[in-house]
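Worksheet: the structure to be examined is printed underneath.
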Amino acid sequence: MKVARTPVWITGIGCVSAAGIGRNDSTRRLLGEAVSGAFENLLDPGESRFFKLRLEEKWRARFPRFHEGEAPNLLALFAIEDALDSAGLEAADLRRLRVGICLGSTTGGANYQEEFATAYNTGKLPDPAPLMESFRNNSAQFIARELGLRGPVQLVNNACTSGADAIGIGASWLDASLCDVVLCGGTEIILVKMYYGFKSLMLSSDRPCRPFDRNRDGLTLGEGAGVVILEKAGSPRRPLAAMLGYGCGSDAHHPTSPHPEARGLALATRTALAQAGAAAGAVDFINVHGTATRHNDLAEGRFIAANFPRARVVATKGVTGHMLGAAGGIEAVFTVLSLSNGRLPVSRGFGEADPEIGVEPTRTIEEGHYGCALSFSLGFGGINSVLCLGRTP
Numbered sequence: 007m008k009v010a011r012t013p014v015w016i017t018g019i020g021c022v023s024a025a026g027i028g029r030n031d032s033t034r035r036l037l038g039e040a041v042s043g044a045f046e047n048l049l050d051p052g053e054s055r056f057f058k059l060r061l062e063e064k065w066r067a068r069f070p071r072f073h074e075g076e077a078p079n080l081l082a083l084f085a086i087e088d089a090l091d092s093a094g095l096e097a098a099d100l101r102r103l104r105v106g107i108c109l110g111s112t113t114g115g116a117n118y119q120e121e122f123a124t125a126y127n128t129g130k131l132p133d134p135a136p137l138m139e140s141f142r143n144n145s146a147q148f149i150a151r152e153l154g155l156r157g158p159v160q161l162v163n164n165a166c167t168s169g170a171d172a173i174g175i176g177a178s179w180l181d182a183s184l185c186d187v188v189l190c191g192g193t194e195i196i197l198v199k200m201y202y203g204f205k206s207l208m209l210s211s212d213r214p215c216r217p218f219d220r221n222r223d224g225l226t227l228g229e230g231a232g233v234v235i236l237e238k239a240g241s242p243r244r245p246l247a248a249m250l251g252y253g254c255g256s257d258a259h260h261p262t263s264p265h266p267e268a269r270g271l272a273l274a275t276r277t278a279l280a281q282a283g284a285a286a287g288a289v290d291f292i293n294v295h296g297t298a299t300r301h302n303d304l305a306e307g308r309f310i311a312a313n314f315p316r317a318r319v320v321a322t323k324g325v326t327g328h329m330l331g332a333a334g335g336i337e338a339v340f341t342v343l344s345l346s347n348g349r350l351p352v353s354r355g356f357g358e359a360d361p362e363i364g365v366e367p368t369r370t371i372e373e374g375h376y377g378c379a380l381s382f383s384l385g386f387g388g389i390n391s392v393l394c395l396g397r398t399p
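FYI, in this note's numbering the residues of the sequence shown are 7 to 399.
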């Protein structure tokens, strides 16, 4: 395949979500036979409204005074350490190289002090001390300080495309020779007020979501982080996959609903394929956004049916929940896993095809030689981002 941009290798992957703790556990659960047990011992038993991760005490112990606002930082750190282990990078390597970090999140950097915000908004003057904790909640800056990184640092807050955008931005840093290595992806926790926001829009389901299913009735929110390590081709580390292209485009249509003809997604896809020097017919599978909401799945599915009739479709939010700003990061990780293992996971939650959509996600684990894949991310405001990833020899 001809590559129209500077080749970028993915040399490491790391993740934590309801699908598993770390890349190895996630691989076994996603690509093995035990997918039905994906939630066992991973979720907080005290929260049934969304997939809230059970943070182990040994994770919390790394922070002298752990508070909720540090949870995205903690998840990002776990995923990054998993990715560094995957790539064979150590602390000495990070000090020697110019390492950049670009993370996407909708909550990494937000004010988590809900009690403070509630009191302030009702006219009271609460103790401002909790705000100082919130000021430390930029997850990208936190990781840079924690690991002593000397390259560029950026936190992307672009709704549900944030994680994918962070990977696209990271690749551009390598193109511009701003750094030698980029840690990029997304991290997310779910606040109760976020859950009620989706509930008020009638977009959330009371049960695990069913992407592309005829009887889908809304999304399920989820927590976690997904990170890839990018380096220029020729790195001494073995590549797991190649980052071939990235594109983004706007619907300019509606605050929360996608354009019915997927206008922005079409532009983002054309851009990603053009960067990759690939034709639509070269795409073997697509990791869809697949939120299980009525309009998103319909617009996304019809676009795929019209433009990628031979591509297989994988929907993974039935396992992870919708991780918002981290979704593009962890779905890039899952796409790399499928490319490198030659196996597509079951699209959990999908059971009955919707004739209006015209495509069906995987029902069973499928094996094959997959050379080129797309990962779709769609967000509120009509933003769309697409990653084109490929298998390396």
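Glycine included, every Cβ here is placed at the ideal spot set by N, Cα and C.
Source: prediction; values computed, not measured.
DSSP state of residue i mapped onto helix, strand, coil
{"i": "Met200", "result": "helix"}
{"i": "Tyr252", "result": "strand"}
{"i": "Glu373", "result": "strand"}
{"i": "Ile363", "result": "coil"}
{"i": "Phe148", "result": "helix"}
{"i": "Glu237", "result": "strand"}
{"i": "Ser42", "result": "Note on Ser42: pLDDT 46, under 50, position unreliable in the model; the coordinate value appears next. Looking at Ser42 - three-state DSSP - the assignment turns out to be helix."}
{"i": "Gly106", "result": "strand"}
{"i": "Phe382", "result": "strand"}
{"i": "Leu100", "result": "helix"}
{"i": "Ser211", "result": "coil"}
{"i": "Asn79", "result": "helix"}
{"i": "His265", "result": "coil"}
{"i": "Cys21", "result": "strand"}
{"i": "Asp186", "result": "coil"}
{"i": "Gly30", "result": "The amino acid occupying residue 30 in the given sequence is Asn; Gly does not appear at that position. Of the three classes helix, strand and coil, the one that applies to Asn30 here is helix, per DSSP."}
{"i": "Gly192", "result": "strand"}
{"i": "Asp88", "result": "helix"}
Residue i classed as buried or exposed, judged by whether at least 16 other C-beta atoms fall within 10 angstroms
{"i": "Met220", "result": "The question names Met, but residue 220 is Arg in the sequence shown. Exposed, since its Cβ has fewer than 16 Cβ neighbours within 10 Å."}
{"i": "Gly129", "result": "exposed"}
{"i": "Asn30", "result": "exposed"}
{"i": "Phe69", "result": "exposed"}
{"i": "Gly43", "result": "Model confidence at Gly43 stands at a pLDDT of 47, short of 50, so the residue's coordinates are unreliable; what they give is reported in the following sentence. Result: exposed."}
{"i": "Asp303", "result": "buried"}
{"i": "Ala40", "result": "For Ala40, the predicted model reports a pLDDT of 49, less than 50, meaning its position is unreliable; a value from the coordinates is still stated below. The residue in question, Ala40, is exposed, as its Cβ has fewer than 16 Cβ neighbours within 10 Å."}
{"i": "Thr124", "result": "exposed"}
{"i": "Arg269", "result": "buried"}
{"i": "Ser344", "result": "buried"}
Within 7 Å, strictly: CB atoms of residue i and residue j
{"i": "Glu6", "j": "Thr113", "result": "The requested residue 6 does not occur in the structure, where the chain is confined to residues 7 to 399."}
{"i": "Gly110", "j": "Val162", "result": "yes"}
{"i": "Val352", "j": "Ala317", "result": "no"}
{"i": "Gly327", "j": "Ala85", "result": "no"}
{"i": "Ala379", "j": "Thr341", "result": "yes"}
{"i": "Ala247", "j": "Leu37", "result": "no"}
{"i": "Pro367", "j": "Phe218", "result": "yes"}
{"i": "Gly388", "j": "Ala258", "result": "yes"}
{"i": "Arg397", "j": "Ile371", "result": "no"}
{"i": "Leu393", "j": "Ala170", "result": "yes"}
{"i": "Tyr376", "j": "Phe314", "result": "no"}
{"i": "Lys238", "j": "Leu180", "result": "yes"}
{"i": "Ile235", "j": "Ala89", "result": "yes"}
Whole-number beta carbon distance between residue j and residue i, since they are thought to touch under 8 Å
{"i": "Ser241", "j": "Thr12", "result": "The Cβ separation is near 13 Å, so there is no contact."}
{"i": "Leu271", "j": "Gly251", "result": "No, Leu271 and Gly251 are not in contact; Cβ-Cβ is about 14 Å, not under 8 Å."}
Cβ-heavy atom distance, residue i to the ligand HEM, below 6 Å
{"i": "Ile175", "result": "Summarising the ligand content, the structure contains no ligands, and the ligand HEM is consequently not present."}
Taking contact to mean 3 or more Cβ pairs, one atom from each stretch, closer than 8 Å, check whether the region 182-190 and the region 96-114 are in contact.
Contact between the region 182-190 and the region 96-114 is present, because at least three Cβ pairs lie under 8 Å.
Is it a yes or a no for the region 219-233 touching the region 54-70, going by three-plus beta-carbon pairs under 8 Å?
Yes: at least three Cβ pairs fall under 8 Å.
So, do the region 298-313 and the region 264-279 have three or more beta carbon pairs nearer to each other than 8 Å?
Under the 8 Å Cβ criterion, the region 298-313 counts as touching the region 264-279, having at least three qualifying pairs.
Could you check whether the region 12-30 touches the region 327-338, counting it as contact only if at least three pairs of C-beta atoms, one from each stretch, sit closer than 8 Å?
The region 12-30 vs the region 327-338: in contact.
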